[in-house]
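See below for the structure under consideration.
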Amino acid sequence: MKRAVYFLPLALAVVFVGIFALYMQQINEGKDIKALETARAGKTIPEFQLPALKDADAQFTREDIIGQPTLLNVWATWCPSCKVEHPYLMKLAKEKGVRIIGLNYKDDRQSALSWLEKYDNPYQFNIFDKDGRLGFDLGVYGAPETYIINAQGIILDRHVGVVDEKVWEQKIKPLLEGNAG
Amino acid sequence: MKLDPVAVPRQAYLAQLLLALILPGMLLLLDSTRAFAVIETYEFEDDGQRQQYLELSETLRCPKCQNQNIADSNAPIAADMRKEVHRLIGEGKSNDDVVDFMVERFGEFVVYKPKLDASTYMLWFGPGVIAILGIIIVLTMSAKARKKKQQQDGPDPESTLSVAEQQKLNALLRDQDRD
């Protein structure tokens, strides 16, 4: 018992190394440690009324998103990572039939439209969020971000950063399948 | 445990020296973050609202930054948050309302002082518990060391005096005082 006390620093060191190793493993697996929790998770997407990217006179509301499992992808032409994830979004939309809705965030309408023409369009439709109004209510703090929404319009989770094969297989697909209902 | 009479002042001296070196640096660091504060021209109805705005923009943390409040950050999201703070204050919202509004969207991360719940117990009580544990360990270890030393030195001569010897000693001491 008396000796046990002398091993305490060693035990503490082992615990700290363990915690450190755990974090390192998560980082190596591609976890973004700077990503914040999804404050809106479990709640319905906030109400909004915003114009379509294609047609300034057309308006979208929350009802247009609700109805089937959906990825709401926050993107902009000023965002380099958005270009990186674009081919995979195309694949998801075309090959896997995933419903992706675009939230064009703090962008220039004309540049956004020519981007879609140039690189093809994975989105069912695009909401034009010029001032980041809906983005703010969702808790968007950068781009790209992808909100995973079930058929009832409830936010299951979001992914901060590029969506790729790994993110789809490990995070998004299980969520959508578990809540397809 | 005997303390070396020379070592104590030296330790105290070193501690003071260290403090004298570190403290100005820390103050400088505090001051330098203030120098970068973003200046925006929001108008307020009265000084109370202006004060509220300044207070809130210093207590809300920018979600995009490593560790900056929204007053100090140039990130677009911080600018949006300042705009919202200004709007909410204009609507007559209290500080708590504004903080709740931000937490609802960006989570507990935006407040420097997180609320007390199951997920933050470690944060609130961890350091205190570790400090108390440390104190207990140090105290028990030093108590044990003292006891061991006493055993090695043999029994305390004072405690070996018989009652009669003690009385004699006391008498001698009294006589000495009188002289």
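Protein chains in written order, with UniProt numbering: chain C, 1 to 181; chain W, 1 to 179. Think of the CB as a built atom: it goes at the ideal place given N, C-alpha and C, for glycine as much as any other residue.
Helix, strand or coil at residue i [DSSP, three-state]
i, result
"C:T44", "strand"
"C:A4", "helix"
"C:G102", "strand"
"residue 203 of chain C", "Nothing about residue 203 of chain C can be reported from this structure: the residues present for chain C run from 1 to 181 only."
"C:V160", "strand"
"C:N121", "coil"
"C:W78", "coil"
"C:V140", "coil"
"C:E116", "Note that residue 116 of chain C is Leu in the sequence shown, not Glu. Helix, per DSSP."
"W:N74", "coil"
"C:F128", "strand"
"C:I154", "strand"
"W:T140", "helix"
Cβ-based burial, residue i [other Cβ within 10 Å; buried from 16]
i, result
"W:Y13", "exposed"
"W:R105", "buried"
"W:L142", "Note that residue 142 of chain W is Ser in the sequence shown here, rather than Leu. The residue is exposed, with fewer than 16 neighbouring Cβ atoms inside 10 Å."
"C:L138", "buried"
"C:G135", "buried"
"W:A35", "The predicted model places W:A35 with a pLDDT of 48, which falls under 50 and marks its position as unreliable, so this point remains unresolved."
"W:L71", "The residue asked about is misnamed: residue 71 of chain W is Ala in this sequence, not Leu. Buried, since its Cβ has 16 or more Cβ neighbours within 10 Å."
"C:A143", "buried"
Length of the line joining the Cα atoms of residue i and residue j
i, j, result
"C:Q124", "W:R50", "44 Å"
"W:M26", "W:V129", "26 Å"
"C:A13", "C:K83", "43 Å"
"C:Q26", "W:L116", "27 Å"
"W:E108", "C:A151", "27 Å"
"C:D32", "W:R61", "19 Å"
"C:E63", "W:S119", "34 Å"
"W:Q66", "W:V111", "13 Å"
Residue-chain proximity (residue i, chain C), Cβ-Cβ < 8 Å
i, result
"W:P63", "yes"
"W:E84", "yes"
"W:V98", "no"
"W:G126", "no"
"W:F106", "yes"
"residue 207 of chain W", "Nothing can be reported for residue 207 of chain W, as the shown portion of chain W is limited to 1 through 179."
"W:I137", "yes"
"W:V111", "no"
Any C-beta of chain W under 8 Å from that of residue i
i, result
"residue 187 of chain C", "In the structure as shown, chain C starts at 1 and stops at 181, and residue 187 of chain C therefore has no counterpart that could be examined."
"C:L72", "no"
"C:F60", "no"
"C:E37", "yes"
"C:Y141", "yes"
"C:D107", "no"
"C:G161", "no"
Residues that DSSP places opposite residue i in a beta bridge
i, result
"C:T61", "C:Q49"
"W:R61", "W:N69"
Partner residues on chain B for residue i, Cβ-Cβ distance less than 8 Å
i, result
"W:V103", "Here chain B cannot be found, since the structure's protein chains are C and W."
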